[in-house]
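Worksheet for the structure shown next.
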Amino acid sequence: MRTLALNVKARFVRIENPSDKGPHFRILAPGNVELGAAWQKRSEQTDRDYLSVKLDDPSFPSAIYASLVEVEGEEGLQLIWSRPNRD
């Protein structure tokens, strides 16, 4: 994961027996520092699985919410995020 303030190799660690609303994965930076969590979801529009991701770090002004998805015709996964309007 690379941002203007962060450059780390993060890994997703599956949580065994997650609670009903709890995350399915913990996102860890080196040293087992927790950087976020992810929930397995299924898109009703595309009928495809994806991960709903929440990332947080003290260097961020606020948590980042994103989707980790497979992109047709491309290898690997893509993290798609946006910031809410701050008007």
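The sequence shown lines up with residues 1 to 87 when you count with full-length UniProt numbering.
Each residue gets a CB set at the ideal place from its N, CA and C atoms; glycine is no exception.
These figures come from a predicted structure and were not determined experimentally.
Is the beta carbon of Val53 closer than 8 Å to that of Gly36?
The residue you call residue 36 lines up with position 36 of the sequence shown. The residue you call residue 53 lines up with position 53 of the sequence shown. Yes; because the gap between Cβ atoms is below 8 Å, this pair is in contact.
Please classify Pro23: is it buried, with 16 or more other beta-carbons within 10 angstroms of its beta-carbon, or exposed?
In the sequence shown, residue 23 corresponds to position 23, counting from 1. By the 10 Å Cβ count, Pro23 comes out buried.
With a CB to CB cut of under 7 Å and the five nearest residues on each side skipped, what residues in its chain are close to Phe12?
Along the sequence shown, one-based indexing puts residue 12 at 12. Phe25, Ile27 and Ala38.
Pick out the complete beta strand (DSSP E) segments inside the region 4 to 32, 3 residues or longer, and give them in chain order.
As far as the region 4 to 32 is concerned, its whole beta strand (DSSP E) runs of at least 3 residues are 11 to 14 and 25 to 29.
With distances taken from CA atoms, which of Ser19, Tyr50, Gly31 and Asn17 is nearest Gly76?
Along the sequence shown, one-based indexing puts residue 76 at 76. Comparing Cα positions, the closest option is Tyr50.
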